[in-house]
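See structure below.
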Amino acid sequence: MKVTVRYFARYRSLVGKGEEEVELPEGATVRDLIEKLRELHPVLKNEVFSEDDSFADVNVSRNGRYVGFDEILKEGDVVALFPPVSGG
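Residue numbering for the sequence shown follows my numbering, beginning at 184 and increasing consecutively.
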């Protein structure tokens, strides 16, 4: 199945594009997608996405709704990746 990944803020700069289509097996989860993105873009592995979910430095939405890493994806989903918001 294919899903569209949209990158925002720092992720867009790291990857060098705002959007791409990614092929995944049926029944793949957000966690599977993150792992695939780490393979496609090693800079994400080193800079952004932690091995441990509790330290993952990414917010994920699926079709406009924030989701967790266990969310199952479907053909045609649009997944957006946002850095956590911080401020003071």
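Where is the CB? At the ideal position from N, CA and C, for every residue including glycine. Because the structure is a prediction, the values reported are computed rather than measured.
Contact check for Ala192 against Pro266 passes: the beta carbons are separated by less than 8 angstroms.
Excluding sequence positions up to five before and after Glu209, its CB lies within less than 7 angstroms of the CB of Met184, all in the same chain and listed in chain order.
Taken through DSSP and simplified to helix, strand or coil, Leu264 comes out as strand.
Going by DSSP, Glu222 is part of the alpha helix (DSSP H) stretching over Val213 to Leu223.
Separation of Arg195 and Glu222 (C-alpha to C-alpha, rounded to the nearest whole angstrom) is 16 angstroms.
The beta-carbon distance between Ala263 and Arg214, rounded to whole angstroms, is 16 angstroms. This is too long to meet the 8 angstroms contact definition. Under the three-state reduction of DSSP output, Lys185 falls in the strand class.
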